[in-house]
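Colleague:
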Amino acid sequence: MEELLREAQKVYVKREDEKQKQKAKMMVAAVEEITKRRQEYRDDRKKEEKYEKQNPVIRERKQQAGCYYCGKAGHFKRDCPDFQTEKETVSLMGFEEE
Ligand SMILES: [Zn+2]
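In the UniProt record's numbering, the protein residues as written are 1 to 98.
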């Protein structure tokens, strides 16, 4: 009977071990996935930048697209009502921004 209990415990410990291994495997996979995605994102940015350099028209169009802050056309970031609101909030909170 004791023998059986010990055997059962061994199996239990082994199972826990498997679980830990599985967990570790999943974590490694997750980290690898994130690293891969970051690399892909960086590659995309590089491609985009290269493409824009080769096509000044696109670059110009992007610059004319409008507000850098809120994305709306017709005004720039320094004239952006959203940006002004945030600036006011920030200064109210005591963080002066030049
Ligand atoms: Zn804006």
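We treat Cβ as the ideally placed atom computed from N, Cα and C, and that holds for glycine. Keep in mind the model is a prediction, meaning the values are calculated, not measured.
First and last residue of the alpha helix (DSSP H) that includes Phe76?
Modeller: Premise fails: Phe76 is in no alpha helix (DSSP H) and is neither H nor E.
Colleague: Using a beta-carbon distance below 7 Å, is Met26 in contact with chain C?
Modeller: The question asks about chain C, but that chain is absent: this structure has only one protein chain.
Colleague: What first and last residue would you give for the alpha helix (DSSP H) that runs through Tyr41?
Modeller: Where Tyr41 is concerned, the enclosing alpha helix (DSSP H) stretches over 2-54.
Colleague: Could you give the distance in angstroms between the alpha-carbon of Tyr12 and the alpha-carbon of Glu40?
Modeller: For Tyr12 and Glu40, the distance between alpha carbons rounds to 42 Å.
Colleague: What would DSSP say about Lys87, mapped onto helix, strand or coil?
Modeller: Helix at Lys87.
Colleague: Alpha carbon to alpha carbon, what distance is there between Val31 and Glu2?
Modeller: For Glu2 and Val31, the distance between alpha carbons rounds to 43 Å.
Colleague: Is any non-hydrogen atom of ligand 1 found closer than 6 Å to the C-beta of Tyr69, if you look at the structure I gave you?
Modeller: It does: the Cβ of Tyr69 is within 6 Å (strictly closer) of some heavy atom of ligand 1.
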